[in-house]
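Visitor: Position 17, counted from 1, in the sequence shown is what the numbering used here calls 198; the numbers after and before it change by one each time, with no gaps. Quick one: this structure, given as structure tokens, is what I'll be asking you about.
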Amino acid sequence: MYPAELVMPRKAELTDNGFEELLTSGSVDDTLKKEGTTLVVINSVCGCSAATARPGVLMAVAHSEKKPDRLTTAFAGFDLEAVQQIRTHLMPYPPSSPSIALFKDGQLVHFIERHMIEGRSAQMIAANLADAFEQYC
182 MYPAELVMPR
192 KAELTDNGFE
202 ELLTSGSVDD
212 TLKKEGTTLV
222 VINSVCGCSA
232 ATARPGVLMA
242 VAHSEKKPDR
252 LTTAFAGFDL
262 EAVQQIRTHL
272 MPYPPSSPSI
282 ALFKDGQLVH
292 FIERHMIEGR
302 SAQMIAANLA
312 DAFEQYC
């Protein structure tokens with residue numbers, strides 16, 4: 182488990198911008214079974230990937246005409262119960278953090294794995310998400 186002093190500033194980057202934290206398996210299941218669209222960001226301390234994932238997500242949400250109904254996040258290596266439960270909804274994809282998932286009516290419709298974040302700019306991630314928002318939201 183990561184120390185809070187590493188995690189909290191990285192959590193705040195999303196929660197200060199309207200993302201609701203998913204902290205328990207129950208909150209994950211309750212949120213994902215709601216009608217509409219839910220964006221789930223599995224946040225991470227990883228400097229190379231998470232450093233572009235968070236800004237990319239924020240850019241997409243800020244600049245897209247269509248947006249998910251709910252913006253949520255859980256932190257890998259910190260919010261253990263929630264992340265474990267989110268990953269059951271991401272099957273058959275292997276665990277990946279950071280990663281970004283879009284659910285519609287409880288079904289996974291778009292997923293950006295870590296390997297799709299690595300080496301990509303925040304703008305590229307934002308464009309990928311904006312396309313998904315346009316299609317599913």
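Ideal placement from N, C-alpha and C gives every residue a C-beta, glycine not left out. Computed from a prediction, not measured in an experiment: that's the story for all the values here.
1. Residue range of the beta strand (DSSP E) that A282 falls in?
2. So, is E294 buried or exposed, given that buried needs 16 or more other C-beta atoms within 10 angstroms?
3. Please state whether the Cβ-Cβ distance between S225 and P279 is less than 9 Å.
4. Throw me the rounded Cβ distance for the A311 and A241 pair, which I believe falls under 8 Å.
5. So for R191, helix, strand or coil by DSSP?
6. Roughly how many angstroms separate the alpha carbons of R251 and T218, rounded to a whole number?
7. Looking at C-alpha atoms only, which residue of K214, A257, T253 and P273 is the closest neighbour of Y183?
8. Measure the C-alpha to C-alpha separation of L239 and L289 and round it to an integer number of angstroms.
9. State the DSSP-derived secondary structure class of N224, mapped to helix, strand or coil.
10. Measuring CA to CA, which of P276, D197, A307 and K215 is closest to F284?
11. In this structure, does DSSP put L203 in helix, strand or coil?
12. Within 10 angstroms of the Cβ of D260, are there 16 or more other Cβ atoms? Answer buried if so, exposed if not.
13. Pick from N198, V188, G300 and M305: whose alpha carbon is nearest that of T253?
14. Just to confirm, are K247 and F314 a CB contact at a threshold of 9 Å?
Guide: Short version:
1. One-based indexing of the sequence shown puts residue 282 at position 101. Here the beta strand (DSSP E) through A282 covers S280 to K285.
2. Locating residue 294 in the sequence shown gives position 113, where the first residue counts as 1. Flag for E294 reads buried.
3. Taking the sequence shown and counting its residues from 1, the one referred to as residue 225 is at position 44. Taking the sequence shown and counting its residues from 1, the one referred to as residue 279 is at position 98. Going by C-beta atoms, S225 is nearer than 9 Å to P279.
4. Position 130 of the sequence shown, counting from 1, holds the residue named residue 311. Position 60 of the sequence shown, counting from 1, holds the residue named residue 241. Going by Cβ atoms, the distance from A311 to A241 rounds to 5 Å, so yes, they are a contact pair.
5. What you label residue 191 is simply residue 10 of the sequence shown in a count that begins at 1. Correct three-state label for R191: helix.
6. Your numbering for residue 251 matches position 70 in the sequence shown. Your numbering for residue 218 matches position 37 in the sequence shown. Whole-angstrom Cα-Cα distance: 6 Å.
7. The residue given as residue 183 occupies position 2 in the sequence shown. For Y183, the nearest C-alpha among the options comes from A257.
8. Looking up residue 239 in the sequence shown gives position 58. Looking up residue 289 in the sequence shown gives position 108. Roughly 20 Å separates the two Cα atoms.
9. Residue mapping note: residue 224 aligns to position 43 of the sequence shown, counting from 1. N224: strand per DSSP, three-state reduction.
10. Position 103 of the sequence shown, counted from the start, is the residue given in the question as residue 284. Of the candidates P276, D197, A307 and K215, the one whose C-alpha sits nearest the C-alpha of F284 is K215.
11. As a working note, residue 203 is residue 22 in the sequence shown. Here L203 sits in coil by DSSP.
12. As a first step, residue 260 is located in the sequence shown; it is residue number 79 there, counting from the start. Flag for D260 reads buried.
13. Numbered from its first residue, the sequence shown carries residue 253 at position 72. Answer by Cα proximity: N198.
14. Taking the first residue of the sequence shown as 1, we reach residue 247 at position 66. Taking the first residue of the sequence shown as 1, we reach residue 314 at position 133. Contact: yes.
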